[in-house]
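Novice: Throughout the sequence shown, residue numbering follows mature numbering (1 follows the signal peptide of the UniProt record, and there is no 0), covering -17 to -1, 1 to 111 in sequence.
My questions all concern the structure below.
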Amino acid sequence: MKIALVLILIVSVFASAFIQSITARSDGENIIVEWKTGEESSSLSKFVVERKTPNNGFIEIGTVNPKGSNSFYTFIDNNIFKGNDYIFTYRLKIVDNNSQVSYSSEVSVSHSISGVKRTWGSIKAMFR
């Protein structure tokens, strides 16, 4: 059963980027985090995607380089089946060239996978 809770942030202003929207959705195997920017400052260094589960704090799971103003971004989280938590919360850490940091609003998604996929993911993780 695929259940996705999608929260959309309509307009947020950050030091280096103007985030127009951010969403997270489950496709049954992965979680797709997407966001759209308006104005991006030339001092914008990177977007760091962070994930949190109900039992843990935020951890960094990936980095996306800026493309310029009015861009659309997609990040695919394909390491979620290893955990036992099924509600994931995401946010963007927006980093500029001066190492100043700001954060987007958080979006949450409910994600269900089969026991077979979860077991296979645990086996694969043992051999990494």
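By construction, the Cβ of each residue, glycine as well, lies at the ideal position given by its N, Cα and C atoms.
For Ile2, which of Glu89, Lys35 and Ser93 has the nearest alpha-carbon?
Specialist: Glu89
Novice: Could you tell me the alpha carbon to alpha carbon distance between Ser25 and Tyr73, rounded to whole angstroms?
Specialist: 25 Å
Novice: Flag this pair as yes or no: are the beta carbons of Lys29 and Val16 separated by less than 8 Å?
Specialist: no
Novice: What are the partner residues of Gly45, as DSSP defines its beta bridges?
Specialist: Val32
Novice: Contact check, Ser91 vs Ile77 under 8 Å by CB: the rounded distance?
Specialist: Wrong, their Cβ atoms sit about 19 Å apart, outside the cutoff.
Novice: Starting from Gly21, trace the beta strand (DSSP E) both ways and give me its first and last residue.
Specialist: Ile14 to Glu23
Novice: Going by C-alpha distance, which of Ser95, Thr6 and Asn80 is nearest Val32?
Specialist: Thr6
Novice: Could you check if Ser9 is buried or exposed, using at least 16 other CB atoms within 10 Å of its CB as the buried criterion?
Specialist: When all chains shown are included, Ser9 counts as buried.
Novice: Going by beta carbon distance, what residues of the same chain come within less than 8 Å of Gly51, once the five residues before and after it are set aside?
Specialist: Glu23
Novice: Can you give me the Cβ contacts of Asn80 inside the same chain, cut-off strictly under 7 Å, excluding the 5 residues immediately before and after it?
Specialist: Closer than 7 Å at Cβ, skipping near neighbours: Ser26 and Ser28.
Novice: Considering only the alpha carbon of each residue, which of Leu75, Ser93 and Asn53 lies closest to Ile42?
Specialist: Leu75
Novice: To the nearest angstrom, how far is it from the Cα of Asn62 to the Cα of Asn13?
Specialist: 8 Å
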